[in-house]
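A.B. asks: Questions regarding the structure given below will be posed in turn.
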Amino acid sequence: DVKVTQSSRYLVKRTGEKVFLECVQDMDHENMFWYRQDPGLGLRLIYFSYDVKMKEKGDIPEGYSVSREKKERFSLILESASTNQTSMYLCASTVEGFNSPLHFGNGTRLTVT
Amino acid sequence: QKEVEQNSGPLSVPEGAIASLNCTYSDRGSQSFFWYRQYSGKSPELIMFIYSNGDKEDGRFTAQLNKASQYVSLLIRDSQPSDSATYLCAVNGVYNTNAGKSTFGDGTTLTVKP
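Chains as they are written, first to last, in the numbering used here: chain A, 24 to 136; chain B, 280 to 393.
What follows is the structure, encoded as structure tokens:
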């Protein structure tokens, strides 16, 4: 079974802090994604990556950056956390190709105060 | 218009009934379609995928796709209380930077009453 592991289940940070959310997958998947999920807004794509050191902006990249130095690890960075970034963050991975379903991590619930 | 729209919930059905969940999408070039189930406080998990027009059955679940109408649905037969969850429709693009990228509907919350 594919395992996608997010480093923290719950995080509480202060406004202005730099925040790192880590995600690791163990199935050698090429593609990795970061989504955020908010009530009434559904799942929205922040950034994705098709390969090591490659990244593409999703629908809502503002205020975020990503890093993919190794194939199995995809990090989401909040450069200066703000209260409107309080959300559930979901990491996912897939094999290469457009027909592949997403395998999600357990999610990180981030609260910015 | 949203790229992926699902019928607004919540949807409530009695145990043993058929639950019908609907989804429409705007990108005519979309090629792959997924249904995920998400229990409260948990992450989404795949329950069905469909790529070709017609019906695809897996146990109590049937996915239906009509590309001409840009419509995909999920039927749950003999609904059980354990089916109570939010169901997310996701659509994948094919071309260039959309390849493999899933766009989600807002979800439909289903409650199955014993």
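Glycine residues also receive a C-beta, built at the ideal position from the N, C-alpha and C atoms.
Keep in mind it's a predicted model, so treat the numbers as computed, not measured.
Would you verify that the beta carbon of P84 (chain A) is, or is not, closer than 8 Å to some beta carbon of chain B?
C.D. replies: Within the first sequence, the letter at position 61 stands for residue 84 (chain A). It does not: the Cβ of P84 (chain A) has no partner Cβ on chain B nearer than 8 Å.
A.B. asks: The beta strand (DSSP E) spanning D306 (chain B) covers which residue range?
C.D. replies: Against the second sequence, residue 306 (chain B) aligns to sequence position 27. No beta strand (DSSP E) holds D306 (chain B); DSSP gives it neither H nor E.
A.B. asks: Out of A:L44, A:V42, A:Y58, which has the shortest C-alpha to C-alpha gap to F383 (chain B)?
C.D. replies: Here residue 383 (chain B) is taken as the residue at index 104 of the second sequence, counted from 1. Taking only the C-alpha atoms, the option nearest F383 (chain B) is A:Y58.
A.B. asks: Taking 8 Å as the limit between beta carbons, can you name the residues of its chain near E92 (chain A), skipping five residues before and five after?
C.D. replies: Position 69 of the first sequence, counted from the first residue, corresponds to residue 92 (chain A). Contacts found: V75, K76.
A.B. asks: DSSP puts I329 (chain B) in a beta bridge; with which residues?
C.D. replies: For the purposes of this step, residue 329 (chain B) is identified with residue 50 of the second sequence, where counting begins at 1. DSSP, once it has assigned bridges, lists B:F312 as partnering I329 (chain B).
A.B. asks: Can you find a C-beta in chain B that's less than 8 Å from the C-beta of F97 (chain A)?
C.D. replies: In the first sequence, counting from the first residue as 1, residue 97 (chain A) sits at position 74. Not closer than 8 Å to any Cβ of chain B, the Cβ of F97 (chain A) fails to qualify, so no.
A.B. asks: Quick one: grab the DSSP three-state call for N286 (chain B).
C.D. replies: Here residue 286 (chain B) corresponds to residue number 7 of the second sequence, with the count starting at 1. N286 (chain B) falls in the coil class under three-state DSSP.
A.B. asks: Give me the Cα-Cα distance between S319 (chain B) and A364 (chain B), rounded to the nearest whole angstrom.
C.D. replies: Position 40 of the second sequence, counting from 1, holds the residue named residue 319 (chain B). Position 85 of the second sequence, counting from 1, holds the residue named residue 364 (chain B). Each residue's alpha carbon lies about 7 Å from the other.
A.B. asks: From A:C114, A:S116, A:F71, A:S110, pick the residue whose C-alpha is nearest to that of L34 (chain A); which is it?
C.D. replies: Locating residue 34 (chain A) in the first sequence gives position 11, counting from the first residue. Measuring from the Cα of L34 (chain A), the nearest candidate turns out to be A:S110.
A.B. asks: Looking at the C-beta of F340 (chain B), does it have a partner C-beta in chain A at a distance below 8 Å?
C.D. replies: Your numbering for residue 340 (chain B) matches position 61 in the second sequence. Judged by the 8 Å Cβ criterion, F340 (chain B) is not in contact with chain A.
A.B. asks: Taking all protein chains shown into account, do 16 or more other C-beta atoms lie within 10 angstroms of the C-beta of T303 (chain B), making it buried, or fewer, making it exposed?
C.D. replies: What you label residue 303 (chain B) is simply residue 24 of the second sequence in a count that begins at 1. When all chains shown are included, T303 (chain B) counts as buried.
A.B. asks: What does a CB cutoff of less than 6 Å around V370 (chain B) pick up in its chain, not counting 5 residues either side in sequence?
C.D. replies: Here residue 370 (chain B) corresponds to residue number 91 of the second sequence, with the count starting at 1. Contacts found: V283, Y304, S309, F312, T382.
A.B. asks: Tell me the DSSP secondary structure of S110 (chain A) in three-state form.
C.D. replies: In the first sequence, the residue the question calls residue 110 (chain A) occupies position 87. It is a strand residue.
A.B. asks: Does chain A have any CB closer than 8 Å to the CB of G308 (chain B)?
C.D. replies: Within the second sequence, numbered from 1, the residue matching residue 308 (chain B) stands at position 29. Cβ-Cβ to chain A under 8 Å: no for G308 (chain B).
A.B. asks: In terms of residue numbering, what span does the beta strand (DSSP E) encompassing D24 (chain A) cover?
C.D. replies: On the first sequence, position 1 is the one that residue 24 (chain A) refers to. It is not in any beta strand (DSSP E) - D24 (chain A) carries neither H nor E in the DSSP assignment.
A.B. asks: Listed in chain order, which residues of the stretch 104-121 of chain A have Cβ atoms closer than 7 Å to some Cβ of chain B?
C.D. replies: Going along the stretch 104-121 of chain A in chain order, one finds L113, T117, G120, F121 with a Cβ nearer than 7 Å to chain B.
A.B. asks: Closer than 8 Å by beta-carbon distance: list the chain B residues that pair up with L125 (chain A), in chain order.
C.D. replies: Position 102 of the first sequence holds residue 125 (chain A). Result: F313, Y315, P323, L325, A369, S381.
A.B. asks: Between T134 (chain A) and G81 (chain A), what straight-line distance do the alpha-carbon atoms span, to the nearest angstrom?
C.D. replies: Walking along the first sequence from the start, residue 134 (chain A) turns up at place 111. Walking along the first sequence from the start, residue 81 (chain A) turns up at place 58. Their Cα atoms are separated by approximately 22 Å.
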